[in-house]
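Just below is one structure, and these are the notes that go with it.
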Amino acid sequence: MSERPIITFTSDFGSREYYAGAVKGVILGIAPNVRIIDISHDVASHDLLEAAFTVVSAYGSFPPRTVHLVVADPGVGSERRAIIASTEEHLFVAPDNGVLSMVYAREQISRVVSIEAEHYFRRPVAPTFHARDIFGPVAAWLARGIGMDQFGPEVENYVRLALPPLRRLDDRRIEGIVLHIDKFGNVITSISPDEVLRILGREPQTIHFLVGEERVKAHYRYYAQASSEEIFSLQGSSGYYEIAALKKPAARLLNARRGTRVEIILEPSI
Amino acid sequence: MSERPIITFTSDFGSREYYAGAVKGVILGIAPNVRIIDISHDVASHDLLEAAFTVVSAYGSFPPRTVHLVVADPGVGSERRAIIASTEEHLFVAPDNGVLSMVYAREQISRVVSIEAEHYFRRPVAPTFHARDIFGPVAAWLARGIGMDQFGPEVENYVRLALPPLRRLDDRRIEGIVLHIDKFGNVITSISPDEVLRILGREPQTIHFLVGEERVKAHYRYYAQASSEEIFSLQGSSGYYEIAALKKPAARLLNARRGTRVEIILEPSI
Amino acid sequence: MSERPIITFTSDFGSREYYAGAVKGVILGIAPNVRIIDISHDVASHDLLEAAFTVVSAYGSFPPRTVHLVVADPGVGSERRAIIASTEEHLFVAPDNGVLSMVYAREQISRVVSIEAEHYFRRPVAPTFHARDIFGPVAAWLARGIGMDQFGPEVENYVRLALPPLRRLDDRRIEGIVLHIDKFGNVITSISPDEVLRILGREPQTIHFLVGEERVKAHYRYYAQASSEEIFSLQGSSGYYEIAALKKPAARLLNARRGTRVEIILEPSI
């Protein structure tokens, strides 16, 4: 392992609460050299989809062998499993509730193990705070170089959430949803250029979007290409198409929310 | 001292403001190897009780010799003292305004010193920002290994806030208050199992709670045991009893706020 | 360079979003030993003045050779330049949109270079996320010790925003504005003691303020000198005069916002 291993930390704990801090204390007690990088602790409470979107958008920016700790865990204390998932380059520690589903969809998952080796836990395990007593310690031991096989048996039936499906409407239209509204009011859709190519078999040229009832006709490479009253689409940095407005919250202008129906329409090139 | 000393940092500075960042800059100028772990900077402004609850809930998760910097300081610039408090395993740096009262209540405090050695301060000391100019530097020097005795004389009359008292109502009822509402809407009470045992002389069996006028009859070990319409109590990870609802904010359902009257009732076991 | 270089990070990305986390991942991939210190990610979206105020208030607390990464970048993807600015002790990496204007106003700027050496970028560069693909990597390479001259040619015509001007009204009055409202509701004005001396040619003695239509007659050294119903001025830790109220949000009491007109009046000493 690296001399300076990295653990990223994504949760719905809230930056106001002591929860994330307590988890970090436990991690540092086990792995004093680890660097803990917060992705977000302000994921909406119990919102597995938002946590999934957050981690899938961030993890690829980190160096190989980073351990990604992801905790949105409404089933804490119940029989839901705790898991470690590995891809070729990254490790993920999370409850087995589907919060890693977007990672599974994007990556060749090498292996998932069920966390069962209790001697790696903090004792006693509080039934309401597995992040502190199970997930955090396991992430710390992984960062110290303990192999994932040491934590429990491989499992195949890990939970995959039904992610918002893309639906082919005809040979030039695909239906998706709004996946996320960001702090700027940008509307991140569930539709990506890769998926358009896969589903419709061709590269998009002239693109329109339908967001709810509103048609968005302009498509740009970056925000500042737009004029000030315009709503437009662009390819966002997370890989998905976004709908934006110059220095304004497009989500409010379009009355869009997470889950709002979105349609991409490939117009004949002009 | 450790090669990689840890300073935790709890304040009411707000994560939007530059204040916490400036304090960290000063700390790193003195102790380049220290790791600074934020607990929260979103404690309500001047709220000593919330700061006290936050730090008492978090510090025990950190390794021995961690320095805990706690700043909610409405009296900054006045004659209120600055102090270092030590327990067997931890050090605390804070204004002497009672913000450490919950630590004092839980721990055998070994010693408290008044911070007076001005050569450890950042000069000039701004009368409105002792966190940057006094508390931060002192925490950094402690983390570097300077003994607490070097900062000033021991004091006995440090400020203890009157913490929300628990009141024995009869041989099966204790009255307390709501100590904190967390981001999930969980209602953390000021009543703990230890205190019930101490005050009523017996282990709780069947437990009811009264929160304001509402009676809460179910008691579980973890959230997911509840059905979706149920309000229930459980023993929270901070050591206190909590009132919760499955994926819903119990505080809103019960119209509970910090300070709302709470009663625990030990019903005869069935 | 230091063995443990420091990068501070100020942005309008929002602490809820994955954006800041992704930037940190890229930085750590390039400079594994760097310490990244968040100043704020909750600057109002596209608010160059708030970002400027935040960074100018924080950077001076950090050790020499700190790299300050500042991203509020409504023109991302357009032809606006990316720059590195150096003062005698600090380095700044930012879009050339004026976000460093308050640093320029305070410091002897040694040199500004235009960032053009694309081999230091993360590839491909997303036109909507230069923080991750350009600014972050450049900050990381600077922290590793690459000289700023390696990134591009020196430029003279970097963008300076017209900062809120101070206007001399007569020989005892200066007009400014509200620069910032902080989390406590303190009203930070654009007027500093240094500027009063420079503009009026004398040290302020008895000071009144006019905030909008409200006259503020008390002036204290620190908050706790005030009585509980009083609104008063003091010299804040950022160097500017502030208007405050004891444990209350002065901004709300005065109906003050960012940009509200403020006047300082030097009354004859009594």
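Chains as they are written, first to last, in this note's numbering: chain A, 496 to 765; chain B, 496 to 765; chain C, 496 to 765. Just so it is clear, CB atoms sit at the ideal spot from N, CA and C, and this is done for glycine as well.
Item to check | C-alpha distance - Phe548(B) paired with Pro660(B), whole-angstrom precision | outcome: 14 Å
Checklist entry - If you draw a straight line from the alpha carbon of Ala621(C) to that of Trp636(A), how long is it in whole angstroms? => result One C-alpha to the other measures close to 35 Å.
Checklist entry - Would Ile534(B) count as contacting chain A if we go by Cβ distances under 9 Å? => result yes
Checklist entry - Can the beta-carbon of Tyr717(B) be found less than 9 Å from the beta-carbon of Ser728(B)? => result no
Checklist entry - Shorter than 9 Å from the beta carbon of Val521(A) to some beta carbon of chain B? => result yes
Checklist entry - Quick one, are the C-beta atoms of Ser552(B) and Asp507(B) less than 9 Å apart? => result no
Checklist entry - If we call anything under 9 Å between Cβ atoms a contact, is Arg693(A) one with Leu761(A)? => result Against a cut-off of 9 Å, the Cβ pair of Leu761(A) and Arg693(A) comes out as no contact.
Next on the checklist: Assuming Val565(B) and Val594(B) are in contact, meaning their beta carbons sit under 8 Å apart, how far apart are those beta carbons, in whole angstroms?
Outcome noted: 5 Å
Next on the checklist: Only counting the same chain, and skipping five residues up and downstream in sequence, which positions put a Cβ closer than 8 Å to that of Ala719(A)?
Outcome noted: Leu741
Next on the checklist: Counting only Cβ pairs nearer than 8 Å, list the residues of chain B close to Pro558(C).
Outcome noted: What Pro558(C) touches in chain B: Gly520, Leu523, Gly524, Pro527.
Item to check | Straight-line gap, Arg639(A) to His563(A) (C-alpha atoms, nearest Å) | outcome: 14 Å
Next on the checklist: Quick check: Arg753(C) and Glu545(C), are their CB atoms within less than 9 Å of each other?
Outcome noted: Taking 9 Å as the Cβ cut-off, Arg753(C) and Glu545(C) qualify as a contacting pair.
Next on the checklist: Helix, strand or coil, according to DSSP, for Asp452(B) in the structure here?
Outcome noted: In the structure as shown, chain B starts at 496 and stops at 765, and residue 452(B) therefore has no counterpart that could be examined.
Next on the checklist: Please report the distance separating the alpha-carbon of Gly516(A) from that of Ile534(B).
Outcome noted: 5 Å
Item to check | DSSP beta-bridge partners of Ile738(A) | outcome: Val682(A), Ser728(A)
Next on the checklist: Could you compute how far the alpha carbon of Pro558(A) sits from the alpha carbon of Pro500(A)?
Outcome noted: 10 Å
Item to check | Length-filtered (4 minimum) alpha helix (DSSP H) runs lying within the stretch 667-721 of chain A | outcome: 688-695
Checklist entry - Of the choices Arg756(C), Gln645(C), Glu709(C), Ile686(C), whose alpha-carbon is the least far from that of Gly731(C)? => result Ile686(C)
Checklist entry - So what's Leu586(C) in DSSP terms, helix, strand or just coil? => result Strand, per DSSP.
Item to check | Whole-angstrom C-beta distance between Val598(C) and Phe630(C), which should lie under 8 Å | outcome: Contact between Phe630(C) and Val598(C) fails: their C-beta atoms lie close to 16 Å from each other, not under 8 Å.
Checklist entry - Between the C-alpha atoms of Val633(A) and Glu724(B), what's the straight-line distance to the nearest angstrom? => result 34 Å
Next on the checklist: Between which residues of its own chain and Pro699(A) is the CB-CB distance below 6 Å, once the five residues before and five after are set aside?
Outcome noted: Correct list, in chain order: Val691, Leu761.
Checklist entry - Shorter than 9 Å from the beta carbon of Gly509(A) to some beta carbon of chain B? => result yes
Next on the checklist: Assuming Leu658(A) is part of the beta strand (DSSP E), what are its boundary residues?
Outcome noted: No beta strand (DSSP E) holds Leu658(A); DSSP gives it neither H nor E.
Checklist entry - From Glu512(A) to Asp677(B), what distance separates their C-alpha atoms? => result If you draw a straight line from the Cα of Glu512(A) to the Cα of Asp677(B), it comes to about 7 Å.
Checklist entry - Can you tell which of Tyr653(B), Pro648(B), Gly696(B), Gln645(B) has the C-alpha that lies nearest to the C-alpha of Asp665(B)? => result Gly696(B)
Next on the checklist: By alpha-carbon positions, which one of Gly642(B), Pro648(B), Gln645(B), Tyr735(B) ends up nearest to Ile672(B)?
Outcome noted: Tyr735(B)
Next on the checklist: Is Ala621(C) close to chain A? Criterion is C-beta to C-beta, closer than 9 Å.
Outcome noted: yes
Next on the checklist: Cβ closer than 7 Å: which chain C residues qualify as neighbours of Phe679(A)?
Outcome noted: For Phe679(A), the C-beta contacts it makes with chain C under 7 Å involve Ser540, in order along the chain.
Next on the checklist: With the cut-off set at 9 Å, would you say Ser605(C) and Ala577(C) are in Cβ contact?
Outcome noted: It is not a contact, given that the beta carbons lie outside the stated cut-off.
Next on the checklist: Counting only beta-carbon separations shorter than 9 Å, does Ser722(C) have a partner in chain A?
Outcome noted: no
Checklist entry - If we call anything under 9 Å between Cβ atoms a contact, is Thr701(C) one with Ile738(C)? => result no
Checklist entry - Residues of chain A with a CB under 8 Å from the CB of Pro768(C): which are they? => result Residue 768(C) cannot be examined here, being either before or after the span of chain C that is shown, 496 to 765.
Checklist entry - What's the C-alpha gap between Arg560(A) and Ile531(B)? => result 23 Å
Checklist entry - Apart from the five residues just before and just after Val706(A), which ones in its own chain have a Cβ nearer than 7 Å to its Cβ? => result Val682, Ile738, Leu749, Ala751, Thr755, Val757
Checklist entry - Taking the continuous alpha helix (DSSP H) assigned at Ala596(B), which residues delimit it? => result The residue asked about is misnamed: residue 596(B) is Ser in this sequence, not Ala. Run containing Ser596(B): 596-601, per the alpha helix (DSSP H) assignment.
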